[in-house]
Each structure stands twice: as C-alpha cells, then as structure tokens.
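Reviewing the structure listed below.
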Amino acid sequence: MIEHRNTDRVHRFRAEAASRGLPAHETEEWLKAVKPAVFWTYEGDGPVAARLGGDALLPREAPTPTAPLVATVDCSLLPSDTGLPLPADGHLLFFAEPNVSFYGSKTDIVRYVPAGTRTTARPADSWYDAYPSHDLRMAWFGTSTPDTDTYASAKWGDDLDDEELDRVTRLVEDMDGAWTSTGGLWPMWTLALGGNTIALNCDPLDSVREDEPEDAEDWVLLATWRCGEEVKQLDQGIISWLIRRTDLASLRFDRAYLWVDM
C-alpha cells in the first residue's frame with residue numbers, strides 16, 4: 005500500500021520525543037533534516053512507476069549510453085510534493101557502471117526523455133552487461149531521515165571528546181528511535197527518488213561538494229539505488245545520483261554527479 009507523508013506523524017514524533025526527555029530545540033532541528041522521498045520495491049500493490057535494468061528507450065538520434073541502464077522512472081506517476089523540481093511527465097533514465105571507480109561529474113548518467121518522444125531500445129556501449137529487468141512498484145511516498153553519523157558530524161563536527169561524542173551519539177540515536185516508533189519500520193526498498201543520502205564510507209553530498217565546490221549548497225540527492233545480489237561487482241553497493249537544484253529545474257542532467265560505494 006502506498007503511504008503518504010503526513011503532518012500527523014510529525015505531531016506524534018514531537019510528543020514521543022518529549023516523552024523521552026529529548027530537548028524540544030533538538031527535536032525541531034531533527035525535523036528540519038527529514039526530507040520527502042519516493043520509494044520503490046519489487047513487490048507491493050502500488051503502480052509500476054519505474055523499471056529496473058534492461059535496455060534504455062531513447063530517441064534514435066540520442067548518443068549511445070556508455071554505462072548500463074539502472075532504472076527508468078515515469079515522472080507522470082510521481083507525487084507532486086517530492087521536494088524536488090522534477091518534470092511533470094516524461095521519463096528519467098539513470099545509468100551507472102557497478103564499479104567504485106565510476107564516479108564524478110558525467111554527462112550521460114541521467115537522461116530525460118519528454119513525453120510523446122519516439123524511442124527505440126538502445127543497449128549500452130559498456131564492458132558491463134545490462135542489469136536484469138524488473139518492474140518496480142511505488143511502495144510509498146514518505147519521509148527519509150538523515151544518516152545518524154552524517155547528521156551528528158554536520159551538526160557538532162568531528163573534534164568532540166569521548167564524553168561529548170557519547171552524548172550526541174545517544175541523542176541522535178534517541179531521535180531516530182523516536183521517529184521510527186511513530187511510523188513503524190518499512191520494507192527494504194530498492195530505488196528511491198529524493199530524500200537523504202546513505203553514507204557508507206563517506207556521505208555522497210560531502211564528496212560532490214568537495215569535488216564541485218561551486219554552488220556547493222545547491223547540490224541535492226536525486227536518486228539512490230540499493231544494488232541487489234545480482235550486482236556481483238558491488239557487495240551491498242549503494243549508487244547515488246546528485247545534481248544542483250538549479251540544474252534539475254533547467255533539465256541540465258548533463259551536469260549530474262555519480263557516487264558509487266560499497
């Protein structure tokens with residue numbers, strides 16, 4: 005069942021945080037870091053709003069993809085309040101090689117195909133085979149909480165003594181626990197649009213802002229893929245696509261950034 009984000013959960017979270025003795029100002033700071041996101045899974049009863057793998061459907065005159073197609077998302081089926089200036093229709097296509105060396109600014113890792121465009125199946129010109137095809141059903145439109153370590157580091161820095169580090173770690177874990185207790189646990193998702201980054205070895209937003217410092221605060225997470233067991237090259241890999249908000253609004257997907265981690 006598709007779950008929609010609602011203010012009632014925010015109210016429940018505030019009450020739960022207060023019952024745990026968490027400071028009100030810290031509760032409000034945590035809420036500022038919670039972002040809307042759309043999540044897809046292989047199963048569920050939501051609409052088939054995305055497809056994983058296969059060959060890309062592109063205009064005949066479009067350049068041949070240089071990396072395998074990860075996912076195709078139908079923008080017309082997205083909720084309107086994703087927090088991102090996304091196209092109202094057409095399709096977004098995401099590409100990536102399953103290789104931790106395949107990262108950085110790339111011109112063809114995200115492509116947009118407007119609605120009504122005549123397309124043809126285009127295999128990628130890559131050393132890697134196409135990813136297996138799967139329908140992805142929209143599981144829920146909800147909220148994405150920040151990575152606890154990333155949140156703590158951004159808020160308090162990395163130079164805390166052991167006592168302070170223990171205090172803020174407990175505080176952030178308590179915030180995360182209070183949020184989870186008011187909404188329950190969700191099934192594991194495969195693809196997400198928007199939301200917060202998943203930080204394995206480092207945070208993707210930190211990486212892109214270091215590599216592309218111009219308009220650093222304009223960078224946002226566009227999509228995240230939890231690589232499945234079929235992606236042998238990446239052990240529990242996470243692939244993230246990032247873009248400046250202004251470029252997204254202008255459909256400048258040639259300026260997107262890719263981060264591959266495992």
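Residue numbering for the sequence shown follows the working numbering, beginning at 5 and increasing consecutively.
By construction, the Cβ of each residue, glycine as well, lies at the ideal position given by its N, Cα and C atoms.
A quick note: this is a predicted structure, and the numbers were derived from the prediction, not measured.
query	result
For Thr-68, name the three-state secondary structure that DSSP assigns.	coil
Tell me which residues share the same chain as Tyr-261 and place their Cβ nearer than 6 angstroms to its Cβ, disregarding the 5 neighbours each side in the sequence.	Ser-109, Val-212 and Leu-246
Return the CA-CA distance between Asp-170 and Gly-25, expressed in angstroms with no decimal places.	17 angstroms
Only counting the same chain, and skipping five residues up and downstream in sequence, which positions put a Cβ closer than 8 angstroms to that of Gly-94?	Cys-79, Ser-80, Tyr-116, Val-117, Pro-118, Ala-119 and Thr-121
Beta-carbon within less than 7 angstroms of Arg-9's beta-carbon, same chain only, minus the 5 sequence neighbours each way: which residues are those?	Note on Arg-9: pLDDT 49, under 50, position unreliable in the model; the coordinate value appears next. Cβ neighbours of Arg-9 beyond the five flanking positions: Pro-40, Phe-145, Gly-146 and Thr-147.
Look at the alpha carbon of Leu-62 and the alpha carbon of Cys-231, and state the distance between them as a whole number of angstroms.	24 angstroms
Is the CB-CB distance between Val-74 and Phe-98 below 7 angstroms?	yes
Indicate the three-state DSSP secondary structure (helix, strand or coil) for Tyr-116 in the structure shown.	strand
Rank His-15, Glu-20 and Val-14 by C-alpha distance to the C-alpha of Gly-181 and give the top, closest one.	Glu-20
Can you give me the C-alpha to C-alpha distance between Trp-131 and Pro-150, rounded to a whole angstrom?	35 angstroms
What first and last residue would you give for the alpha helix (DSSP H) that runs through Pro-40?	It is not in any alpha helix (DSSP H) - Pro-40 instead sits in the beta strand (DSSP E) that spans 39-45.
Using only CA atoms, which one of Ala-22, Ala-92 and Ile-113 lies nearest to Ala-100?	Ile-113
May I ask you to report which of helix, strand or coil DSSP gives Asp-59?	coil
Skipping 5 residues on each side, what residues in its chain have a beta carbon closer than 7 angstroms to that of Thr-123?	Leu-61, Leu-62, Pro-63 and Val-117
Is it true that the CB of Thr-86 sits closer than 7 angstroms to the CB of Arg-55?	no
Report yes if the C-beta distance between Asp-59 and Ala-125 is below 7 angstroms; otherwise report no.	yes
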